[in-house]
Amino acid sequence: MLASLILEMPGKPVIAQVTIDDPKPDEVLVKVAACGLCHSDIHIINGALLGAVNAPAVIGHEVAGYVEKVGSAVTEFAVGDKVVGCTSRHCGHCQQCLEGFTQLCANRRNVQRDSPRLTYQGQEVAQGGGLAGFAEYLLVGEDALVKVADEMPLDIAALLGCAVTAGAGAVIKAAKVNAGSIVAVFGAGGVGLSAIEAARMSGARQIIAIDIAEDKLELAKRFGATDVVNGRNGDTVAQIRALTGGGVDFSFECIGLQQTMLESVEILKPGHDAYFVGVPGQNVTIPLPGASLIMNGKGVKGVLMGSNNFKLDIPIMADLYLRGQFRLDELIGERIPLSKLADAIERMESGAVARTVVVFD
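With my numbering, the residue at position 231 of the sequence shown is 1025, and numbering never jumps.
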């Protein structure tokens, strides 16, 4: 039995004792050290991403910990290894994987098992993001984990599993931002700040952060933003056009709101692209101006999890952090025990903190 945050139905997360199975031959049991709270977790809790996971479920997908036990066929990990979990597990042989889009693997949600990994009151429990990180232990296939250096702090490592990979990957891997570019990032939470940091590392000459929280905008400056715009203070599009002399080369929407998605397209120079990174609620639609897109040669691209290949990307980002080249410590606005998560959800929804991380003893 292990303490977990279990979602019995939308809007009703509770701390409860869940039973966890033993590892199958290709599985790994991980003692969780830290799990970040992502806005997509909040969408699932609130029912805005219906179908993303079926209740009852243990959510949490931004997770890191220590290998506790390995199955008989596991070759990549040993007991005691520090590991990060990622939702982008992939099979390596479907069409998407063969074309290099491993984060879009057709089989990433398939788990072949003759018994449930988790049960609660005799009922099978789903694993949010395929991981279920808001728990003392998690049980996953070795294809959902990657090893990081012993020197890597696990509360920071957890962020690599989602926020940092999603934001930095969108800039570096999906958009391939080049030196001298003008970049705008909507949202200065964990994902947006990671995008700002990556844009700085890529040599962007102007980086504009857009948010409605002044403290987050101040934080964005420390991560590399050259200019900030408060979305509450007038016409955001007009302000960005004035700051840039006409528009941006790359825009990254890291919130998932209709208004900011539309604004991220409006502020583009002709011939340039907007990247939608933040996951919107399931019923959010985007009424894009078709004629304007075509006549101005603008493009829109959805980016899932930073177009990552996490087994390669996460160790690289961890190494950059350990070398002092990647600022991550300030992403964490608060560290809390699992028992305090309900209050933290309200603070994240209000925009009061960039990232909340649940830490376990």
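Beta carbons: idealized from backbone N, C-alpha and C, even for Gly.
For residue j and residue i, the rounded distance between their alpha carbons
i     : j     : result
S794  : A810  : Since the first residue shown for the chain is 795 and the last is 1155, residue 794 is missing from the structure and cannot be characterised.
S996  : R1016 : 16 Å
I853  : A982  : 23 Å
P817  : K970  : 39 Å
A1112 : D908  : 36 Å
V1147 : L1062 : 29 Å
G859  : G1091 : 46 Å
C899  : L1098 : 11 Å
T869  : P1131 : 33 Å
A968  : L1106 : 15 Å
G927  : E856  : 7 Å
P1109 : D820  : 22 Å
S1058 : A1068 : 6 Å
Y1115 : D1137 : 30 Å
L925  : R903  : 10 Å
A929  : E1047 : 31 Å
Q906  : A920  : 14 Å
Y931  : F1154 : 10 Å
I800  : G1084 : 43 Å
T1020 : R1121 : 16 Å
L1004 : A960  : Here residue 1004 turns out to be Ile, not Leu, going by the sequence shown. Near 18 Å, if we compare the C-alpha coordinates of A960 and I1004.
H833  : V985  : 10 Å
G1018 : E1060 : 23 Å
E991  : P850  : 37 Å
A797  : V1031 : 47 Å
E1012 : R911  : 43 Å
Q890  : S866  : 29 Å
V958  : I1002 : 18 Å
G1039 : K1010 : 25 Å
I1034 : Q1052 : 18 Å
D949  : V1042 : 34 Å
E1124 : Y914  : 36 Å
Environment of residue i [buried if 16+ CB atoms lie within 10 Å]
i     : result
Q1076 : exposed
R1117 : exposed
V873  : exposed
G955  : buried
R1149 : buried
I1088 : exposed
T881  : buried
T1054 : buried
T1079 : exposed
R999  : exposed
V1073 : buried
M803  : exposed
S988  : buried
H837  : buried
D944  : exposed
Q1119 : exposed
H1066 : buried
V812  : buried
Distance cut-off 8 Å: residue i Cβ against heavy atoms of the ligand FMN
i    : result
V868 : Within the structure as shown, the ligand FMN is missing, as the structure has no ligands at all.
Cross-strand partners of residue i (DSSP beta bridge)
i     : result
D1067 : F1044 and G1093
Q1053 : DSSP, once it has assigned bridges, lists no residue as partnering Q1053.
I809  : L799
L831  : T1150
I1088 : For I1088, which the question treats as bridged, DSSP gives no partner whatsoever.
R1129 : V1151
K876  : Y860
V826  : G859
I1139 : The partner list for I1139 (beta bridge, DSSP) is empty, contrary to what the question assumes.
L1062 : V1042
I814  : L912
A851  : L801 and A920
E821  : G935
Residue from the options whose Cα sits closest to the Cα of residue i
i     : options                       : result
G974  : F1044, E930, A951 and D1029   : F1044
I1006 : G805, T896 and R1026          : R1026
K876  : H833, K941, E918 and S882     : K941
N840  : V1152, V1071, G924 and I1139  : I1139
E936  : K863, E1012, H1066 and V1071  : K863
G916  : I814, F1104 and L799          : I814
A964  : Y914, V1094 and V1023         : V1094
V878  : L939, K825, F871 and Q889     : L939
R883  : E1143, F1104, D1123 and A1019 : F1104
A951  : I1126, G1039, R1141 and E1143 : I1126
G1050 : R1129, L1082, S1144 and F980  : F980
F895  : V1151, A828 and G1096         : G1096
P1081 : L1056, P1064 and S1101        : L1056
S1101 : E1128, M946, R1129 and V1071  : V1071
V1151 : R1129, V934, N972 and R1141   : R1129
V826  : L1135, I976, L933 and G805    : L933
M1142 : D835, A962 and N1024          : D835
Any chain B beta carbon closer than 9 Å to residue i
i    : result
E945 : Included in the structure is just one protein chain, with no chain B present.
Runs of beta strand (DSSP E) lying entirely within the segment 973 to 1051, each at least 3 residues, in chain order = Listed in chain order, the beta strand (DSSP E) elements of length 3 or more contained wholly in the segment 973 to 1051 are 976 to 980, 1000 to 1005, 1021 to 1024 and 1042 to 1047.
Which full runs of the beta strand (DSSP E) of 3+ residues lie inside the segment 1092 to 1125, going along the chain?
-> Within the segment 1092 to 1125, the complete beta strand (DSSP E) runs of at least 3 residues are 1093 to 1096.
Give, in chain order, every unbroken run of the beta strand (DSSP E) that is at least 3 residues long and sits entirely within the segment 893 to 980.
-> Those beta strand (DSSP E) runs which fall completely within the segment 893 to 980 and span 3+ residues are 912 to 914, 931 to 935, 939 to 941 and 976 to 980.
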